[in-house]
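Chemist:
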Amino acid sequence: QETLEYHHGKHHNTYVVNLNNLVPGTEFEGKSLEEIIKTSSGGIFNNAAQIWNHTFYWHCLSPNGGGEPTGALADAINKAFGSFAEFKDAFTKSAIGNFGSSWTWLVKKADGSLAIVNTSNAGCPLTEAGTTPLLTVDL
């Protein structure tokens with residue numbers, strides 16, 4: 002709990018403050034976070050993407066979470082990885098092998114298939130056309 006509170010209160014908050022200071026007076030003023038991520042670079046991109054990534058990560062956490070998925074997600078995981086257990090193993094191995102400040106994601110690709118992808122620093126799946134993030138872990 003202490004780690005997450007520190008991470009949210011310090012890291013995430015710093016990205017929000019930075020972006021709020023960088024955007025006024027630019028072409029990004031009034032745009033959504035997603036639009037900023039897809040059309041910016043440098044400091045604006047880095048802070049916007051880190052805000053989005055962290056917000057998505059917080060929504061992936063649940064005090065009563067756990068268990069196996071059901072329905073269409075379970076079917077897609079089984080199709081892509083063979084089973085939920087095999088998905089967990091592949092996701093864990095990918096995350097462990099992802100060095101430094103980074104993210105490991107489960108994404109739905111444009112063709113509907115699932116994939117595990119790693120990004121570094123502020124890398125965000127929103128920059129890949131047709132890619133929808135489903136789950137992430139912050140490393």
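Heads up, the final residue of the sequence shown is numbered 140 in this note's numbering, and it's a clean run with no missing numbers.
Even glycine gets a Cβ: it sits at the ideal position worked out from N, Cα and C.
Curious, which full-length beta strand (DSSP E) runs of at least 3 residues does the stretch 46 to 106 contain?
Modeler: none
Chemist: If you measure between the beta carbons of I52 and Y16, is that distance less than 7 Å?
Modeler: For the purposes of this step, residue 52 is taken as the residue at position 51 of the sequence shown. For the purposes of this step, residue 16 is taken as the residue at position 15 of the sequence shown. Judged by their CB atoms, I52 and Y16 are nearer to each other than the 7 Å cut-off.
Chemist: Within its chain, find whatever has a CB closer than 6 Å to the CB of F88; leave out the 5 residues flanking it on each side and keep chain order.
Modeler: Along the sequence shown, read from residue 1 onward, the residue named residue 88 stands at position 87. Here F88 has I78, F82 as same chain residues with Cβ atoms under 6 Å from its own Cβ, once five neighbours each way along the sequence are excluded.
Chemist: Helix, strand or coil, according to DSSP, for V138 in the structure here?
Modeler: Within the sequence shown, numbered from 1, the residue matching residue 138 stands at position 137. The answer is strand: DSSP assigns V138 an E or B state.
Chemist: Between the stretch 102 to 122 and the stretch 2 to 22, do at least 3 Cβ pairs fall closer than 8 Å?
Modeler: no
Chemist: Going by DSSP, what residues sit across from V108 in a beta bridge?
Modeler: The sequence position of residue 108 within the sequence shown is 107, counting from 1. According to DSSP, which records beta bridges pairwise, V108 is partnered with A116, P134.
Chemist: Around the C-beta of D139, are 16 or more other C-beta atoms found within 10 angstroms, so that it is buried, or is it exposed?
Modeler: As a first step, residue 139 is located in the sequence shown; it is residue number 138 there, counting from the start. Buried is the call here.
Chemist: Mind checking A49: buried by the 16 CB within 10 Å criterion, or exposed?
Modeler: Translated into the one-based positions of the sequence shown, residue 49 becomes position 48. A49 comes out buried.
Chemist: How would you label F57, buried or exposed, when you count the other beta carbons within 10 angstroms and need 16 or more for buried?
Modeler: Taking the sequence shown and counting its residues from 1, the one referred to as residue 57 is at position 56. Looking at its Cβ environment, which holds 16 or more other Cβ atoms inside 10 Å, F57 is buried.
Chemist: Give me the residue from N99, H12, F92 with the minimum Cα distance to N47.
Modeler: Numbered from 1 along the sequence shown, position 46 holds the residue referred to as residue 47. Checking every option, the nearest Cα to that of N47 belongs to H12.
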